[in-house]
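If you read the protein sequences in the order shown, they are chains A and B.
Residue 405 in this note's numbering sits at position 110 of the first sequence; the count goes up by one each step and never skips.
Residue 192 in this note's numbering sits at position 189 of the second sequence; the count goes up by one each step and never skips.
Every residue, glycine too, gets a C-beta built ideally from N, C-alpha and C.
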Amino acid sequence: MTTKKIWIVGLATTVMIALMLLEGTPSVAANDQPSGASADVKIDNFSFGPQTLTVSVGTTVVWTNRDDIPHTVVSTDGVFKSKVRDTDEKFFYTFAKAGTYPYFCSVHPKMTGKVVVQ
Amino acid sequence: MTTKKHNLIDQRLQDFNDDGVDRRGFLKCMAWAGTGLVWTLSGGIPASRAFAKVYGKHAGKGGYFSFVQISDSHIGFSKPANPDVTATLQTAINKINAMPQKPDFIIHTGDLSQLSKPSEFDTLDQALKGAAAKQIYFVPGEHDMLSDNGEEYLKRYGKGTKGSGWYSFDHKGVHFVALVNVANLKAGGMGSLGREQLEWLEGDLKGRSASTPIVLFAHIPLWTIYPDWGWGTDDSEQALSYVKRFGSVTVLNGHIHQIMQKIEGRVSFHTAMSTAFPQPAPGTAPSAGPMKVPTDQLQRVLGITDVNYLVSGSSLAIVDSPLGDSGSSASGSGRGLAVVDSLFG
């Protein structure tokens with residue numbers, strides 16, 4: 296092929312790949328994670344980050360306490376409840392069902408967060 | 004602060020104890036005692052001697068008693084803000100033991116432990132065994148509720164208490180009420196007393212003479228200091244409505260690791276310093292967590308609170324003393340002076 300043709304094919308391929316990626320499901324595009332993978336929430340300065348986390352069904356969310364004070368992760372609907380987590384300790388929960396899961400820290404109830412499972 | 008000072012002095016309240024000293028006169032005496040107190044702190048002479056002098060002069064029917072409030076010992080905490088909270092607790096106990104006038108008892112307004120671990124409670128109990136006052140009253144903080152809704156705390160300190168650990172007792176004519184506002188906390192909320200406890204409180208206070216001095220103590224402040232950080236109690240209004248009719252009400256809290264005060268009518272609110280680590284003033288930091296200060300400053304931002312009562316009356320004096328007694332520190336004695344000033348003008 297001539298250089299020009301190679302260039303055109305290369306550009307077309309790039310555009311096609313870009314279009315494919317853009318058409319992907321929101322959870323895949325947003326977090327770049329296939330189902331069954333994990334997502335992280337960092338606990339620091341008396342807050343959950345990100346405060347709202349969107350994941351796909353089957354994802355295991357990992358909360359890590361980076362604060363210098365212990366916290367807990369407790370679902371407001373009784374779906375999950377961690378033991379107290381001190382600095383650097385983690386809590387894991389795998390979301391098997393789609394839905395919205397608000398939670399808070401039972402020790403410092405002003406700390407709230409949400410996991411949206413799609 | 005200045006406005007509050009004048010309001011307090013100008014308040015005309017009745018002479019409760021028939022000794023010719025109305026509240027204004029009493030407060031003037033306490034102002035002297037306050038000045039004397041600060042002076043004696045700098046001079047290294049224990050403070051309560053000044054009070055004994057004043058009270059002796061006005062005692063009327065029966066002298067006075069004192070008790071000490073300590074708070075937020077957080078045994079088990081070990082981070083830069085204070086790597087040895089057991090040592091600073093011991094400093095607080097030594098300070099109590101050095102008072103020439105022994106306090107009748109000690110009140111601990113919660114967060115005894117950092118993680119509700121048995122070993123942490125053990126260490127606290129061991130330290131308190133060396134306190135001159137053998138009777139100690141506790142209320143739990145949220146850090147003491149971390150094992151199955153406070154099971155470990157209640158096992159040790161819950162004898163004779165109701166629900167999540169509330170109770171009341173009388174001492175030399177003063178009625179003390181221990182409240183728990185750290186159980187069953189709701190998402191997005193602050194401290195909470197709950198309906199069962201409020202109903203109990205209403206019944207507990209019913210029928211008591213309005214001249215009975217009342218002391219309420221709970222971990223989280225019973226007035227709203229800073230909602231963003233959870234510094235308040237969602238349903239405290241109800242509790243405070245039950246004590247409104249009494250001639251003298253004192254509310255003692257902890258949780259915020261710094262002194263804050265408010266006087267509203269006949270109710271005085273007061274929070275204590277921690278014996279473990281300080282926390283930032285509201286809104287001055289990203290969060291309410293432990294605040295690191297230079298090591299040589301630590302003792303000046305930790306402290307105990309000495310509460311003195313005239314037995315036959317309703318007048319009281321609350322004095323906060325930092326653990327660091329160097330006297331040369333402006334912030335240390337400044338804090339003590341500010342507290343006394345704001346109460347007694």
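Please name the residues in the stretch 392-409 of chain A whose beta-carbon is closer than 8 Å to at least one beta-carbon of chain B, in chain order.
P397, Y398, F399, S401, V402, H403, P404, K405, T407
Through-space distance from A/Q413 to B/P121, alpha-carbon basis
42 Å
Near A/P397, which residues of its chain fall below 6 Å by C-beta distance, leaving aside the five closest residues on each side in sequence?
T371, K409
If you follow the beta strand (DSSP E) that A/V340 is part of, which residue opens it and which one closes it?
A small fix is needed here, since residue 340 of chain A is Asn in this sequence, not Val. Looking at the DSSP string, A/N340 is not in any beta strand (DSSP E), and its letter there is neither H nor E.
Which of helix, strand or coil does DSSP assign to A/R380?
strand
In the DSSP assignment, what residue or residues form a beta bridge with B/G384?
Given a span of 4 to 348 for chain B in the structure shown, any question on residue 384 of chain B remains unanswerable.
Could you give the DSSP three-state label for B/P230: helix, strand or coil?
Three-state result, B/P230: helix.
Starting from the beta carbon of A/P240, find every residue of chain B whose beta carbon is closer than 8 Å, and list them in chain order.
Missing from the structure shown is residue 240 of chain A; chain A here goes from 296 to 413 and no further.
In chain order, what residues of the stretch 211-242 of chain B put their CB closer than 9 Å to some CB of chain A?
P230, D231, W232, G233
Compute the beta-carbon to beta-carbon distance between A/S377 and A/T355, rounded to the nearest angstrom, for a pair I have assumed lies under 8 Å.
Cβ-Cβ separation between A/S377 and A/T355: approximately 14 Å, too far for a contact (criterion under 8 Å).
The stretch 63-82 of chain B touching the stretch 269-287 of chain B, judged by at least three CB pairs closer than 8 Å
Using a Cβ-Cβ distance cut-off of 8 Å, the stretch 63-82 of chain B and the stretch 269-287 of chain B are in contact, since at least three pairs of beta carbons, one from each stretch, lie closer than that value.
For A/D363, collect the residues of the same chain with a Cβ closer than 8 Å to its Cβ; drop the 5 residues on either side in sequence, then sort them by chain order.
T382
Where do the ends of the beta strand (DSSP E) carrying B/Q72 lie?
67-73 is the span of the beta strand (DSSP E), which, as asked, contains B/Q72.
Short of 9 Å Cβ to Cβ, which residues in the stretch 108-139 of chain B face chain A?
Correct list: Q117, L118, S119.
Note down, in chain order, each residue of its chain lying with its Cβ closer than 8 Å to the Cβ of A/V369, except the 5 sequence neighbours on either side.
Exclusion of the five residues before and after A/V369 leaves F375, K376, S377, Y398, F399, C400, S401 as the residues of its chain whose Cβ lies within less than 8 Å of its Cβ.
Run down chain A in chain order and give the residues with a C-beta less than 9 Å from the C-beta of B/P86.
Simply none; closest approach about 12 Å.
Counting only C-beta atoms, is B/S290 closer than 8 Å to chain A at any point?
Yes, B/S290 lies at the interface with chain A (some Cβ there is under 8 Å from its Cβ).
So for B/N100, helix, strand or coil by DSSP?
Note: B/N100 maps to helix in three-state DSSP.
Cut-off 6 Å between Cβ atoms - residues of its own chain near A/Q328, not counting five sequence neighbours on either side
At A/Q328 the pLDDT is 42, less than 50, meaning the model places this residue with poor confidence; the figure from the coordinates comes in the next sentence. No residues qualify anywhere along the chain.
With a Cβ-Cβ cutoff of 8 Å, do A/V352 and A/T367 count as a contact?
No. Outside cutoff.
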